[in-house]
Amino acid sequence: MGADIDGVIETRSADGQWEMAVDLLDLQLGRDHEAWGCLFNFGGTGAVDRPLFADRGLPSDPSDPVRDTGFEDYQHSHTYATWAEVAAVDWDAPLADEHAYNWAGLWRPGDDGELVQHDIVWASATPGLDEAAADAFGEDVYSPAEWPQGGEVHLDGAVYRPVILTARMLAPPDQAPWSRIWNAMRDLADEHGDDNVRLVVWFG
């Protein structure tokens with residue numbers, strides 16, 4: 234069995250005490266190891282060098298529900314972020330310095346005929362892509378990170394290119410399930426202030 238995400242969204246009251254506002258279990262996040270890796274440095278495929286909110290541990294002043302339930306022996310990889318930090322994220326900034334070893338960007342013609350990136354795909358799990366890359370670049374070249382500079386593979390009407398991962402690719406902020414968290418935090422920040430809303434997560 235794999236790990237699950239748990240945690241809360243907290244708000245800070247006028248007297249400086251943090252209180253639970255949202256239980257993450259109510260937001261039905263499911264399992265998304267790639268998003269977890271890019272956001273919190275847990276899970277993922279090793280293609281992210283700079284996760285956004287990694288390895289901070291639990292805050293020193295948690296709300297009572299976190300203090301009561303977040304310290305069990307089987308729980309790990311605790312971290313947190315304020316809404317001020319989340320709101321400042323550049324979701325299109327590269328999370329690594331090199332092309333991802335086994336991810337490729339998938340591009341298709343847009344309405345004006347220009348290529349538009351539609352998605353990222355796990356290259357070795359994309360039917361025909363390994364073979365097409367071998368035909369284009371040589372039998373020993375499969376990983377998009379090994380394709381020649383400027384190299385791209387055309388397959389079934391799509392164009393595949395090497396990609397440096399961003400947070401928007403792995404955890405799109407405007408799509409469920411993460412949009413549920415960010416929208417909830419944004420709404421709470423309108424009432425309490427950006428530095429007085431905090432996401433606390435762990436895994437277990």
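Under the working numbering, think of the first position of the sequence shown as 234, with each following residue one higher.
Just so it is clear, CB atoms sit at the ideal spot from N, CA and C, and this is done for glycine as well.
Computed from a prediction, not measured in an experiment: that's the story for all the values here.
The alpha helix (DSSP H) that contains residue i, what's its start and end?
i      : result
His425 : Trp411 to His425
Phe370 : Leu362 to Phe370
Give the C-beta separation of residue i and residue j to the nearest angstrom, bearing in mind that I take them to be a contact with Cβ-Cβ under 8 Å.
i      : j      : result
Leu435 : His309 : Sequence inspection shows Trp at residue 435; the Leu mentioned does not correspond to that position. Rounded, the Cβ-Cβ distance is 7 Å, consistent with contact.
Ala314 : Leu432 : 5 Å
Val281 : Gly263 : Actually they do not touch by this definition, with Cβ atoms about 19 Å apart.
Leu328 : Arg283 : 5 Å
Taking only three categories from DSSP, how would you classify residue i?
i      : result
Thr399 : strand
Ala314 : strand
Glu305 : coil
Gly338 : strand
Asp248 : coil
Phe436 : strand
Pro377 : helix
Val319 : helix
Asp256 : strand
Asp239 : strand
Ala358 : helix
The beta strand (DSSP E) spanning residue i covers which residue range?
i      : result
Pro298 : Segment Asp297 to Thr302 is the alpha helix (DSSP H) holding Pro298; no beta strand (DSSP E) there.
His351 : Leu348 to Trp355
Leu388 : Val386 to Leu388
Who are the near neighbours of residue i in its chain, counting only those whose CB is closer than 6 Å to its CB and skipping five residues on each side?
i      : result
Val340 : For the sequence presented, residue 340 should be read as Trp rather than Val. Contacts found: Leu348, Gln350 and Val392.
Ala356 : Asn335, Ala337, Leu362 and Pro377
Taking 9 Å as the CB-CB cut-off, is residue i touching chain E?
i      : result
Val281 : No chain E is part of this structure, which consists of one protein chain only.
For residue i, which residues from the same chain have a beta carbon less than 7 Å from its beta carbon, with the 5 sequence-adjacent residues on both sides left out?
i      : result
Ala366 : Val374, Tyr375, Trp380 and Val386
Gly343 : Val349
Val322 : Leu285 and Ala400
Ile238 : Leu257, Leu262, Trp269, Val434 and Phe436
Are at least three pairs of beta-carbons, each pair with one atom in the segment 396-411 and one in the segment 330-349, less than 8 Å apart? yes
Measuring CB atoms only, is the segment 415-430 touching the segment 244-264, in the sense that at least three cross pairs come out at less than 8 Å? yes
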